[in-house]
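*Asks:* Residue numbers (numbering that gives the first Met the number 0), protein chains in the order written: chain A, 0 to 160; chain B, 0 to 740. All residues carry an ideal CB built from backbone N, CA and C; glycine is no exception. Computed from a prediction, not measured in an experiment: that's the story for all the values here. The structure that follows is given in the form of structure tokens.
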Amino acid sequence: MEIKVNGKVYPVDVEDSMPLLWVLRDVLDLTGTKYGCGVAACGACTVHIDGVATRTCMLPVSAAVGKEITTVEGISTAPGLSAVQRAWIDHQVPQCGYCQSGMIMAVEALLDENPDPSDDDINGKITNICRCGTYQRIRAAIKTAAQYRIQSIATDQPSKS
Amino acid sequence: MKRRAFLITGGVVGGGLMVGVGGLSYVNNKIEQFSGTGMGEGHSLNAFVRISPDNIITVAVSKTEMGQGVYTSIPMLIAEELEVDLSQVKVVHPQCEGPYANLFFANMTPRDFENGLTTMEKVFSFLPNVMTGGSSSIIDSYDHMRIVGATAREMLIAAAAKDWDAKTEDCYADNGHIHNKLNGQWKYYGELAEKASKEKAPELPQLKARSEFKIVGKPSKRLDVPDKVDGTAQFGLDVRLPNMKYAAMRHPAFVAGKIVSVNNVAQVESMPGVDKVVIIDEGVAVVAKTTWHAKNAIAALDLEEKEHPELTRKDAISSLKKVLEGEPAKVWEDEGDIETVLENAEKVITSDYEVPYLAHACMEPLNCTVLVNGDKAEVWTGCQSSTFVLNGVSEGTGISKENIKTNITYLGGGFGRRSETDFVRKAAKVASNFPGTPVQLVFTREEDMKNDYYRPAVVSRLTAALGNGNILGMKKKVAGQGPLFQMMKRNIPFMPMNQEDDQMATEGMRDLPYKMDAAYTDMSCIELPVPVGTWRSVGHSQNAFFTESFMDECARELGKDPYEIRKEMLGNEPRHLDVLNKLAEMSNWKSELPEGKYRGIALHKSFGSIVGQVVEISIQDKNIKVDKVFCVIDCGKIVNPAIIESQMQSGIVYGLTAALYGEISVKDGKVVQNNFPDYQMVTMKTMPEIVVSIIDSDEYPGGVGEPGTPPIAPALTNAVFAATGDRVRSLPLARHGYRFV
Ligand code: FES
Ligand code: FES
Numbered sequence: 000m001e002i003k004v005n006g007k008v009y010p011v012d013v014e015d016s017m018p019l020l021w022v023l024r025d026v027l028d029l030t031g032t033k034y035g036c037g038v039a040a041c042g043a044c045t046v047h048i049d050g051v052a053t054r055t056c057m058l059p060v061s062a063a064v065g066k067e068i069t070t071v072e073g074i075s076t077a078p079g080l081s082a083v084q085r086a087w088i089d090h091q092v093p094q095c096g097y098c099q100s101g102m103i104m105a106v107e108a109l110l111d112e113n114p115d116p117s118d119d120d121i122n123g124k125i126t127n128i129c130r131c132g133t134y135q136r137i138r139a140a141i142k143t144a145a146q147y148r149i150q151s152i153a154t155d156q157p158s159k160s
Numbered sequence: 000m001k002r003r004a005f006l007i008t009g010g011v012v013g014g015g016l017m018v019g020v021g022g023l024s025y026v027n028n029k030i031e032q033f034s035g036t037g038m039g040e041g042h043s044l045n046a047f048v049r050i051s052p053d054n055i056i057t058v059a060v061s062k063t064e065m066g067q068g069v070y071t072s073i074p075m076l077i078a079e080e081l082e083v084d085l086s087q088v089k090v091v092h093p094q095c096e097g098p099y100a101n102l103f104f105a106n107m108t109p110r111d112f113e114n115g116l117t118t119m120e121k122v123f124s125f126l127p128n129v130m131t132g133g134s135s136s137i138i139d140s141y142d143h144m145r146i147v148g149a150t151a152r153e154m155l156i157a158a159a160a161k162d163w164d165a166k167t168e169d170c171y172a173d174n175g176h177i178h179n180k181l182n183g184q185w186k187y188y189g190e191l192a193e194k195a196s197k198e199k200a201p202e203l204p205q206l207k208a209r210s211e212f213k214i215v216g217k218p219s220k221r222l223d224v225p226d227k228v229d230g231t232a233q234f235g236l237d238v239r240l241p242n243m244k245y246a247a248m249r250h251p252a253f254v255a256g257k258i259v260s261v262n263n264v265a266q267v268e269s270m271p272g273v274d275k276v277v278i279i280d281e282g283v284a285v286v287a288k289t290t291w292h293a294k295n296a297i298a299a300l301d302l303e304e305k306e307h308p309e310l311t312r313k314d315a316i317s318s319l320k321k322v323l324e325g326e327p328a329k330v331w332e333d334e335g336d337i338e339t340v341l342e343n344a345e346k347v348i349t350s351d352y353e354v355p356y357l358a359h360a361c362m363e364p365l366n367c368t369v370l371v372n373g374d375k376a377e378v379w380t381g382c383q384s385s386t387f388v389l390n391g392v393s394e395g396t397g398i399s400k401e402n403i404k405t406n407i408t409y410l411g412g413g414f415g416r417r418s419e420t421d422f423v424r425k426a427a428k429v430a431s432n433f434p435g436t437p438v439q440l441v442f443t444r445e446e447d448m449k450n451d452y453y454r455p456a457v458v459s460r461l462t463a464a465l466g467n468g469n470i471l472g473m474k475k476k477v478a479g480q481g482p483l484f485q486m487m488k489r490n491i492p493f494m495p496m497n498q499e500d501d502q503m504a505t506e507g508m509r510d511l512p513y514k515m516d517a518a519y520t521d522m523s524c525i526e527l528p529v530p531v532g533t534w535r536s537v538g539h540s541q542n543a544f545f546t547e548s549f550m551d552e553c554a555r556e557l558g559k560d561p562y563e564i565r566k567e568m569l570g571n572e573p574r575h576l577d578v579l580n581k582l583a584e585m586s587n588w589k590s591e592l593p594e595g596k597y598r599g600i601a602l603h604k605s606f607g608s609i610v611g612q613v614v615e616i617s618i619q620d621k622n623i624k625v626d627k628v629f630c631v632i633d634c635g636k637i638v639n640p641a642i643i644e645s646q647m648q649s650g651i652v653y654g655l656t657a658a659l660y661g662e663i664s665v666k667d668g669k670v671v672q673n674n675f676p677d678y679q680m681v682t683m684k685t686m687p688e689i690v691v692s693i694i695d696s697d698e699y700p701g702g703v704g705e706p707g708t709p710p711i712a713p714a715l716t717n718a719v720f721a722a723t724g725d726r727v728r729s730l731p732l733a734r735h736g737y738r739f740v
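Right under this line is the structure:
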């Protein structure tokens, strides 16, 4: 079968039931997407499938065939870092950093859907676990990223690649 | 082992390798030996600093980066004295060698550069003990890394002065250049590095005054953050090597149990993608094409398991309660005459407390990748100690340590769990079945959670003598397993320790800052089936809960304000008092809270830093919303305030998670909890707002990775008492029917 990740088509010779997470990590060596729990409980494995934030540790690869898969490696190809990534740097969010790929992917999708989320919107949608407890800076960075995106739309700059 | 003991006592340590002036044993010795290890192109000025001709400064950071920010704060210390911009600095993690040992652990005090190394420090260099933990990174590095930077700076100045035939006094370093102030000549460090590397290092360089600091004390951006936002940061589990295989393993299901046999090796080996079932004495691994195939295969293993005859069914809490009633194993504190003070008291109050086992649950499950090649091996992992990595690979493969190369990656959390050898040794054993092929072993989340070295379950009994409106004395009895005792036994077996001598079991309990006529602490210990280890803030994690809850109980009993009573009793402790007063001021302690809101306070010193916290909660029925946490820290001189702030937030969330939900329990001889759904975490929704204030202090630095954790549980339960009159004396709160919103 073939899957399309970050705009590139990869032939993959694996069982249909293999979770997309392990295809990305162990077959394609795209290790930005992380394994945290394997039971869709932590969000470390979040990617976008046709733009929707999806936990991939329990998602059979066959369900992603024919769709656009975007991983953390795919959000900053050009012209630079995404608004969310820039906000993450501004607020110095990561500590150990292990959860942050999943966090960033979840937040990208949240902002695509809801450009100016309230605290309640954030609490409802961002349910990923960060064992280092970076939540406060994540919240601040989400708000900054929302502003960056709104400004870039106003000035007609692309907010992400 | 015998030989090593001989070497240490035989004084060989004092010769050869260890010769050094003013404690700078390695700075100007054996540079070649220690500089070839991943530091890239250029010339080494000492074991920590290398400068390339094109002016790239590579620094060896001997502490591992697990989120606490050492890959930024330690380069800041070097860059400050070296007079370079932090953006010019590249970080590598060196091999496990003498110069990189953490000598703080030798005497639990920073080294004295004027007087040279103590015997224990020489021993720790010789071993060497390269280790990150105990919130010791900045304590161990604050002077040392500035000296390293200043030494390199003075060598560059000496080289430039020679070049120009100038006096060193007329030359100075600034922003990566040496200048001649008489004629305006200047050179890049890169041009001088080769010559400078041949200069003799100064015995002790001149350090800058704090008032001259440009980098240290200011909120520099972290050097590791860019890699951590675009997915390129490499954790142990991200290591990918040609022809690599993936492994997972099952450990014994019974605590203190054993796997006796595997009933279906052939069947599992015929599963798709599976290479081999590897039986090691600590469990059964399956090596496969991908992690997923390995995970599926371990789930299919049909194992014969055996309990430990005495231990497996022994219940921790009831056993501990029993030993608490008996004679203590060791008296740790006995100031004044506690029995007389209790006898003469107007009133005596006693409370029993207990806390459960806790898992570390690092976000990145434990893992290690090993390649065995003949009599050599290479290892990739995120571990808090490269010493333990070498030990683990050597134990697992029989390969001698000189023939093992370590690659220490970023750690996806450590919290004390990665200061162990088990996952490395197991990976090495599995990989030795596949010579020439790298094997990555991962503990699935379930195996990671069920095979932790847990924060011990502990029970305690606190008794206070009250009189004249004061606390006159306090008797504190604690019963538990020794986390350091077990950690040493597992990982440093040639330095044996008795369980009752485990200072971590009573830390933060035997040395309260409050002035009383009498204070007493003892410890009882016992062998139990569940293994324990160092969990963020170790003994402080429970002892602050016991003592600071009990302080609140005493205050209520005396009809005093919990802030005021602490203030009255801190007469001899100006640093504590400053933290407490600042905390009361920033939290507006004396103000009325809106209807339905309540607060609690706690103060605790750990790892050289004093932290006070006030928690504000709203409560309705049994639904608690933790609204806000005020946190004040005095950690001595500040290196990077932004990192201190984030470590306070992190430590608070870690402790809050434990206080609300944290509990590892054993049922029918097996650990109950499996994964995050039954070992719950604070998330965005339950996260309080945290306000941190850092006291500007002139004291020697303390740690920041752990001290944020201890005060949060008592501050929270004290707030619950203020709200409901319910004194929660055992954690977690969830056990008492509270829910978190
Ligand atoms: S690894 Fe998929 S949600 Fe945790
Ligand atoms: S930054 Fe470590 S788990 Fe989130």
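#1: To the nearest angstrom, how far is it from the Cα of Gly73 of chain A to the Cα of Ser81 of chain A?
#2: Using the Cβ count rule (16 or more neighbours within 10 Å means buried), how would you classify Arg738 of chain B?
#3: Decide yes or no for the touch test of the region 429-442 of chain B against the region 251-266 of chain B: beta carbon pairs closer than 8 angstroms, at least 3 of them.
#4: Report yes if the C-beta distance between Asp169 of chain B and Lys180 of chain B is below 8 angstroms; otherwise report no.
#5: Report yes or no: is there a C-beta of chain B within less than 8 angstroms of the C-beta of Thr143 of chain A?
#6: Determine the chain A residues that contact Phe234 of chain B at a beta-carbon separation under 9 angstroms, and present them in chain order.
#7: Determine the contact status of Ser608 of chain B and Ile632 of chain B, defining contact as a CB-CB distance below 8 angstroms.
#8: In chain A, what lies closer than 7 angstroms to Tyr653 of chain B by C-beta?
#9: Just to make sure I have the definition right: I need the residues of chain B whose C-beta is within less than 7 angstroms of the C-beta of Val26 of chain A. Which are they?
#10: List the DSSP bridge partners of Asp633 of chain B.
#11: Within 8 angstroms (strictly less), CB to CB, does Ser645 of chain B reach chain A?
#12: Measuring CB to CB, does Arg444 of chain B end up less than 8 angstroms from Pro364 of chain B?
#13: Using a C-beta cutoff of 8 angstroms, does Gln648 of chain B count as contacting chain A?
#14: From Ser649 of chain B to Tyr97 of chain A, what does the alpha carbon distance come to, in whole angstroms?
#15: Nearer than 7 angstroms: is that true of the beta carbon of Cys95 of chain A relative to any heavy atom of ligand 1?
#16: Can you have a look at Arg110 of chain B and say buried or exposed, based on whether 16 or more other CB atoms are within 10 angstroms of its CB?
#17: How is the beta strand (DSSP E) around Gly472 of chain B delimited, first residue to last?
#18: Measuring only between beta-carbons, confirm whether Leu19 of chain A sits less than 8 angstroms from chain B.
#19: Could you tell me the alpha carbon to alpha carbon distance between Pro93 of chain B and Ser586 of chain B, rounded to whole angstroms?
#20: Just verifying my parser: in three-state terms, what is the DSSP assignment at Trp21 of chain A?
#21: So, helix, strand or coil for Asn717 of chain B, using DSSP?
#22: With a threshold of 7 angstroms (Cβ to nearest heavy atom), would Gly35 of chain A be considered close to ligand 1?
#23: Locate the beta strand (DSSP E) running through Gly466 of chain B, then write down its first and last residues.
#24: Does Met741 of chain B come within less than 8 angstroms of chain A when only Cβ atoms are used?
#25: Please name the residue in A:Gly42, A:Val4, A:Ile48, A:Glu14 whose C-alpha comes closest to that of Cys129 of chain A.
#26: Got a sec: is the Cβ-Cβ distance from Glu662 of chain B to anything in chain A below 8 angstroms?
#27: Going along the chain, which residues of its own chain have a beta-carbon closer than 6 angstroms to the beta-carbon of Lys404 of chain B, five neighbours each way excluded?
#28: Excluding sequence positions up to five away, which residues of its chain have a Cβ less than 8 angstroms from the Cβ of Gly14 of chain B?
#29: In whole angstroms, what is the alpha-carbon distance linking Glu342 of chain B and Met515 of chain B?
#30: Return the chain-ordered list of same chain residues with a C-beta closer than 6 angstroms to the C-beta of Thr45 of chain A, the five sequence neighbours on each side being excluded.
#31: Mind reading off the beta-carbon distance from Thr128 of chain B to Thr386 of chain B? Whole number of angstroms is fine, and I expect it under 8 angstroms.
#32: Please state whether the Cβ-Cβ distance between Met65 of chain B and Arg424 of chain B is less than 8 angstroms.
#33: For the alpha helix (DSSP H) containing Trp163 of chain B, name the first residue and the last one.
#34: Am I right that Gly411 of chain B and Cys361 of chain B are in contact with their C-beta atoms under 8 angstroms? What's the rounded C-beta distance?
#35: Quick one: is the Cβ of Arg54 of chain A within less than 7 angstroms of any heavy atom of ligand 1?
#36: Going by DSSP, what residues sit across from Pro10 of chain A in a beta bridge?
*Replies:* Judging by the given coordinates:
#1: 10 angstroms
#2: exposed
#3: no
#4: In this structure, Asp169 of chain B lies near Lys180 of chain B, with their beta-carbon atoms less than 8 angstroms apart.
#5: no
#6: Correct list: Thr30, Lys33, Cys95, Gly96, Tyr97.
#7: Yes, Cβ-Cβ distance for Ser608 of chain B and Ile632 of chain B is below 8 angstroms.
#8: Gly132
#9: For the C-beta of Val26 of chain A, the chain B residues within less than 7 angstroms are, from N- to C-terminus, Thr289.
#10: B:Ile609
#11: yes
#12: yes
#13: yes
#14: 14 angstroms
#15: no
#16: buried
#17: It spans 469-479 - the beta strand (DSSP E) in which Gly472 of chain B sits, taken as one unbroken run.
#18: no
#19: 44 angstroms
#20: helix
#21: helix
#22: yes
#23: Its beta strand (DSSP E) spans residues 457-466.
#24: Residue numbering for chain B in the displayed model covers 0 to 740; residue 741 of chain B lies beyond these limits and cannot be assessed.
#25: Per the Cα distances, A:Gly42.
#26: With 8 angstroms as the cut-off, Glu662 of chain B does not count as an interface residue toward chain A.
#27: The residues are Glu377.
#28: Here Gly14 of chain B scores only 24 on pLDDT, less than 50, and its place in the model should not be relied on; the value that follows carries that caveat. Nothing listed; no residue qualifies.
#29: 15 angstroms
#30: Ala52, Arg54, Gly101, Met104, Ala105
#31: For clarity, residue 128 of chain B is Asn in the given sequence; the question names Thr instead. At roughly 6 angstroms, the Cβ-Cβ gap stays under 8 angstroms, so Asn128 of chain B and Thr386 of chain B are in contact.
#32: No, the Cβ-Cβ distance between Met65 of chain B and Arg424 of chain B is not below 8 angstroms.
#33: 136-163 is the span of the alpha helix (DSSP H), which, as asked, contains Trp163 of chain B.
#34: 6 angstroms
#35: yes
#36: A:Glu1
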